[in-house]
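At position 53 of the sequence shown the residue is numbered 53 (this note's numbering), and the sequence of numbers has no breaks. Written below as structure tokens is the structure these notes are about.
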Amino acid sequence: MGKVHVFDHPLIQHKLSIMRNKDTGCKEFRELLDEISMLMVYEVTRDLSTQTIEVETPICRTTTRVLAGKPIGIIPILRAGLGMVDGILQLIPNAKVGHIGLYRDPETLEPVEYYCKLPEDAVHRELIVLDPMLATGGSACAAISFIKKRGCSNIRLVNLIAAPEGIARVQAEHPDVDIYVAAQDEKLNEHGYIVPGLGDAGDRLFGTK
Ligand code: PRP
Ligand code: URA
């Protein structure tokens, strides 16, 4: 079963608390998501492999470490996952970016796919799927399934807030995928929203409601 990593770092928790507040506006919400994503990816990538190389400093020759292994691909789930891309690219500027367009049908809560474009060499990359909200888990599971159908493995899922229901579904359907979250919330309400959550992440990010 995939592990769940919860980041309880004070900076992440402080910023997330501001995002949860309904009075926080679109501009600040966007900036905070950007900052938290940057802080989270630092930990998400902690186990990446490195190799030792030699460099000549102005003082002497020495051995030092650089990244080795598979390059990174990041895959935001549209729309709200887009808000996590820039923060991550600031730390991993060479990452390639794929996009998966999904929306949740408001009646059935099932994900509907409308777009998928992955990097050509995605199978050779370590992939990080991004979505601020993991609610029923339908969108994340569908996105991961699309990616796997294209032959990819080595997938991690990064969410800001996850409901227990979403975590359980990803663990059941994709036991090979580790999940990284800033907070694990209490439950889903009758409309499939995370409680206490932060509302509709896409609408708050893009100011559409
Ligand atoms: C939200 C969110 C996730 C999904 C989570 O997207 O960004 O993608 O819901 O819910 P789930 O775990 O129950 O699938 P939404 O469908 O509102 O689309 P949007 O990002 O375009 O607003
Ligand atoms: N999608 C959101 O944006 N928020 C939720 O709470 C659940 C799904």
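Yeah, the Cβ is synthetic: ideal placement off N, Cα and C, and Gly gets one too.
Candidates the options, of which the one nearest residue i by Cα
| i | options | result |
| --- | --- | --- |
| residue 136 | 105, 127, 99, 59 | 105 |
| residue 204 | 31, 14, 4, 85 | 31 |
| residue 171 | 8, 67, 145, 113 | 145 |
| residue 51 | 78, 67, 41 | 67 |
| residue 3 | 100, 95, 178 | 178 |
| residue 77 | 57, 100, 96 | 100 |
| residue 14 | 182, 189, 202, 206 | 182 |
| residue 165 | 143, 148, 80, 190 | 190 |
| residue 70 | 29, 117, 95 | 95 |
Cβ-based burial, residue i [other Cβ within 10 Å; buried from 16]
| i | result |
| --- | --- |
| residue 46 | exposed |
| residue 129 | buried |
| residue 150 | exposed |
| residue 111 | buried |
| residue 133 | buried |
| residue 59 | exposed |
| residue 126 | buried |
| residue 139 | buried |
| residue 152 | buried |
| residue 155 | buried |
| residue 49 | exposed |
Residue i - DSSP class collapsed to helix/strand/coil
| i | result |
| --- | --- |
| residue 144 | helix |
| residue 78 | strand |
| residue 122 | helix |
| residue 14 | helix |
| residue 23 | coil |
| residue 1 | coil |
| residue 137 | coil |
| residue 89 | helix |
| residue 128 | strand |
| residue 150 | coil |
C-beta neighbour in chain D for residue i, strict 8 Å
| i | result |
| --- | --- |
| residue 209 | Annotation note: the requested chain D is absent from the structure, which comprises a single protein chain. |
Range of the contiguous beta strand (DSSP E) that encloses residue i
| i | result |
| --- | --- |
| residue 34 | Not the beta strand (DSSP E): residue 34 falls in the alpha helix (DSSP H), residues 26–44. |
| residue 162 | 155–162 |
Bounding residues of the alpha helix (DSSP H) (the contiguous stretch that carries residue i)
| i | result |
| --- | --- |
| residue 202 | 201–206 |
- Query: Does the segment 194–209 come within contact of the segment 145–165, defined as at least 3 CB pairs closer than 8 Å?
  - Reply: Touching, per the Cβ criterion.
- Message: Pairs of beta-carbons, one from the segment 17–27 and one from the segment 58–65, closer than 8 Å: are there three or more?
- Response: In this structure the segment 17–27 does not touch the segment 58–65; the number of beta carbon pairs closer than 8 Å is below three.
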